[in-house]
Each structure stands twice: as structure tokens, then as C-alpha cells.
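Notes for the one structure printed next.
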Amino acid sequence: MSYTVSHFEIRTRDTGALEKFYTEVLGFRVTDRGELRGRELVFMSHSPEEHHQIVLIPTEATAPGSGIGHVAFRVDSLEEVRRVYERVRHLPHAKPEPVSHGNTWSVYFRDPEDNRIEIFTQTPWHAEQPCRFEVDYDSPDAALEEATLAKTRTLKGFAGHEEWKDEFEKRFATST
């Protein structure tokens, strides 16, 4: 059995601002709206396979923000990570953090209500976690890949992603 991310509930003090951010900056589509206990919920998705990946639920203005540490979304390529980075890098609230975990290229940033988001794609490598180092998304792909590999090679547990995945599947099969 494997688990994939389906959706996140984000409590919001300004539904309109978050809806605008997720639709205009990240390209989500509103799939539904509905009322529950007098509050209008907004459902959004990027995937036709998922009715919603995010649901916005209004909360009182004095209530604390989201209790979510961060919401992570996998994308298919480094190019897509770079595109999101370009969209958020100049937003005053976003505070983007371009990083690698050895096994991913990621950009972390904040939405208008300070919820933390990660957009990432897989690298060809693996390193034991936690692992985090800054990367330069302004550098060409070849230079970024070379720098990431050079750093990741020095980390504990370095392996090719497929090698790590095969080993993990073997360990997982014997532990179930």
C-alpha cells in the first residue's frame, strides 16, 4: 500500500485573498463552493483526478492561522519548480526559500496568510533526511544539477534514487 497526498484544509481569515493567490499564482481551479454551518467553503484542485487538493474554510478574524506546518506539492520537472519560484520570488509575503533536500529541488514560500508551501520535484539522487541546503534557481540546469550532485555526494546515505528506492522496497517488503 502507498499513500499519496490528496488534499489539505486551510483555515483562513480572508477566503478571497487565499482563493486569488492559489488560483492566480499557483494555477489552481475552483471545483466547488459550498456552505457548511454558515461558512462558505472553497474547493480547489490542479488535477482532474482529485476533486479538491485544497479546501479553504473561513475562520474568525481573531483566530490563529493555519495549524499546518507546510503543504507540499510534487511537480514533474525542475522547470516547473523554477516557474513557481519566478512567480513567487517578488511577492512581498512569499519569502521564497530555494533549497534542495538532496532528493528534491524545492521552493518553500508563504501564502498571504503565512501558510508555508513547498513545491518540489525529484532529483536523481538520495541522501538521508533531514537534509537541506540552498540552491540557485538563476543558474543554468547543468550548473544546478552539478552543484546539487556535488553537495549530495558528501551526505550520509548518498545513493542514486532508483538504487535507494529498490533498497527501500526490499526493506519494506520484509517488514510487513
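Oh and the sequence shown: position 92 is 95 in my numbering, straight run, nothing missing.
Here a beta-carbon is modelled for each residue, glycine too, at the ideal position from N, C-alpha and C.
*In terms of alpha-carbon separation, which member of Arg40, Arg92, Phe136 lies closest to Trp108?*
What you label residue 108 is simply residue 105 of the sequence shown in a count that begins at 1. For the residues Arg40, Arg92, Phe136, the minimum Cα distance to Trp108 belongs to Phe136.
_Would His93 and Pro115 be called neighbours here (beta carbons separated by less than 9 Å)?_
The residue given as residue 93 occupies position 90 in the sequence shown. The residue given as residue 115 occupies position 112 in the sequence shown. Not closer than 9 Å, so no.
*For the candidate residues Glu170, Thr155, Pro61, whose alpha-carbon lies nearest to that of Ala20?*
Counted from its first residue, the sequence shown places residue 20 at position 17. Of all alpha-carbon atoms in Glu170, Thr155, Pro61, the one lying nearest the alpha-carbon of Ala20 is that of Pro61.
*Buried or exposed for Val138, please, with buried defined as at least 16 other CB atoms from any protein chain shown within 10 angstroms of its CB.*
Working through the sequence shown from its first residue, we reach residue 138 at position 135. Classification for Val138: buried.
*Please list, in chain order, all residues of the same chain as Phe171 whose beta carbon is under 7 Å from its beta carbon, the five residues on each side excluded.*
To locate residue 171, count along the sequence shown from 1; it is residue 168. There are no such residues.
*Quick one: give me the first and last residue of the beta strand (DSSP E) that Asp35 is part of.*
Mapped onto the sequence shown, residue 35 falls at position 32. Per DSSP, the continuous beta strand (DSSP E) segment holding Asp35 begins and ends at 32-39.
*Throw me the rounded Cβ distance for the Ala75 and Gly105 pair, which I believe falls under 8 Å.*
Indexing the sequence shown from 1 puts residue 75 at position 72. Indexing the sequence shown from 1 puts residue 105 at position 102. Contact between Ala75 and Gly105 is ruled out by a C-beta separation of about 16 Å, above the 8 Å threshold.
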